[in-house]
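Participant: The C-terminal position of the sequence shown is numbered 62 in my numbering, with every residue numbered one higher than the one before it. Shown below is the structure under consideration.
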Amino acid sequence: MKKFEPAMKRLSEISALMNDDTLSLEEALKLYSEASELAGNCKADMEAAQLALKEIFMGAEQ
1 MKKFEPAMKR LSEISALMND DTLSLEEALK LYSEASELAG NCKADMEAAQ
51 LALKEIFMGA EQ
């Protein structure tokens with residue numbers, strides 16, 4: 001999960017770049033592909049964090 005924050009930062013950068021009207025289709029596709037991969041990684045990190053929290057709370061209830 002150490003990569004979550006940098007990935008979110010890069011997603012924000014990509015979002016700003018995608019709003020550039022001078023971006024070529026090829027560049028836009030490359031950025032979209034990168035963003036898709038980053039988003040998938042972030043989702044996996046969030047799911048892992050959610051599982052860890054559930055385990056913590058389940059242990060606290062016992």
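By construction, the Cβ of each residue, glycine as well, lies at the ideal position given by its N, Cα and C atoms. Quick caveat, the model's predicted, so the values are computed rather than measured.
#1: For the region 40-54 against the region 1-19, do three or more pairs of beta-carbon atoms, one drawn from each stretch, fall closer than 8 Å, so that the two count as touching?
#2: Tell me the residue span of the alpha helix (DSSP H) that contains Asp-20.
#3: Short check: CB of Leu-29 to CB of Leu-17, under 8 Å?
#4: Using three-state DSSP, classify Lys-3 as helix, strand or coil.
#5: Considering just the uninterrupted stretch of the alpha helix (DSSP H) at Ser-33, what are its terminal residues?
Facilitator: Taking the geometry as given:
#1: The answer is yes - the region 1-19 touches the region 40-54, with three or more Cβ pairs under 8 Å.
#2: Here residue 20 corresponds to residue number 20 of the sequence shown, with the count starting at 1. Here Asp-20 belongs to no alpha helix (DSSP H), and DSSP marks it neither H nor E.
#3: Along the sequence shown, read from residue 1 onward, the residue named residue 29 stands at position 29. Along the sequence shown, read from residue 1 onward, the residue named residue 17 stands at position 17. Result no, Cβ atoms of Leu-29 and Leu-17 do not sit closer than 8 Å.
#4: As a working note, residue 3 is residue 3 in the sequence shown. Looking at Lys-3 - three-state DSSP - the assignment turns out to be coil, as it is neither helix nor strand.
#5: The count along the sequence shown starts at 1 and reaches residue 33 at position 33. Its alpha helix (DSSP H) spans residues 25-61.
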